[in-house]
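Asks:
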Ligand SMILES: [Zn+2]
């Protein structure tokens, strides 16, 4: 379903349905909905995606994992349709937060900005994921490299073997930048319980 330019510019945060991007949702990309939710990751994603312009302009090099800088994942969200979508459960935007796989099969993990559920869809194997990522970032100084180790369980991602990359909700430096930008001020969701 193409909502047209007006629909794409939707930028509101509500508990019912959350759509923050102007990017077109790829209609044929079907995300599987998982039972597991990650409210802490949702909170970070909402703040980050809504302030992505300021982050790209002023804090592009904030580290998020190994040698990955925040600008890499923001640019990938904007450029690569495989990392965006719509939650079949609540209709909110989904952003890809994990990539990984074996030689010939792979999975993109996403998190719903509305209901915080984790979602996934199949994609080619790790070599083709890495090649796509490299292509999308080629004209930028930013890189994202799949690592040959499992995603840490603390990151809330779905498990996969082989090579992977995942965004964690526990990023003190990024959280500090977002706080400085006032990104959590209008936070409708309660802070994650510990
Ligand atoms: Zn949802």
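In this note's numbering, the protein residues as written are 457 to 650. By construction, the Cβ of each residue, glycine as well, lies at the ideal position given by its N, Cα and C atoms.
Could you check what DSSP says for residue 677 in three-state terms: helix, strand or coil?
Replies: Residue 677 falls outside the range modelled here, since the chain spans only 457 to 650, and no answer is possible.
Asks: In this structure, does DSSP put residue 594 in helix, strand or coil?
Replies: Note: residue 594 maps to coil in three-state DSSP.
Asks: Strictly by DSSP, which residues pair up with residue 549?
Replies: Bridge partners of residue 549: 542.
Asks: Which residues mark the beginning and the end of the beta strand (DSSP E) in which residue 572 is found?
Replies: That residue, residue 572, is in no beta strand (DSSP E); it is neither H nor E in DSSP.
Asks: My guess is that residue 554 and residue 485 are in contact by the Cβ rule of under 8 Å, so how many angstroms apart are they, rounded?
Replies: Not quite, the Cβ-Cβ distance comes to about 16 Å (not below 8 Å), so this is no contact.
Asks: Could you have a look at residue 518 and say whether DSSP puts it in helix, strand or coil?
Replies: Looking at residue 518 - three-state DSSP - the assignment turns out to be coil, as it is neither helix nor strand.
Asks: For residue 585, does the count of other Cβ atoms within 10 angstroms reach 16, so buried, or fall short, so exposed?
Replies: Label assigned to residue 585: buried.
Asks: Are residue 513 and residue 526 closer than 9 Å when you measure CB to CB?
Replies: Cβ atoms of residue 513 and residue 526: not closer than 9 Å.
Asks: Express the C-alpha separation of residue 628 and residue 539 in angstroms, rounding to a whole number.
Replies: If I take the Cα positions, the gap works out to 24 Å.
Asks: Which of the three DSSP states is assigned to residue 486 in this structure?
Replies: In this structure, residue 486 counts as coil in the three-state DSSP scheme.
Asks: Out of curiosity, what's the CA-to-CA distance linking residue 498 and residue 594?
Replies: Roughly 28 Å between the two C-alpha positions.
Asks: Considering Cα atoms alone, identify which of 530, 558 and 620 is closest to residue 598.
Replies: Nearest option by C-alpha distance: 530.
Asks: Taking residue 534 as the reference, which of 638, 620, 506 and 563 has the closest Cα?
Replies: Out of 638, 620, 506 and 563, 506 has the C-alpha closest to the C-alpha of residue 534.
Asks: With DSSP collapsed to three states, give me the class of residue 651.
Replies: In this structure the chain extends from 457 to 650, so residue 651 is not present and cannot be described.
Asks: Looking at the unbroken beta strand (DSSP E) that takes in residue 536, where does it start and where does it end?
Replies: No beta strand (DSSP E) holds residue 536; DSSP gives it neither H nor E.
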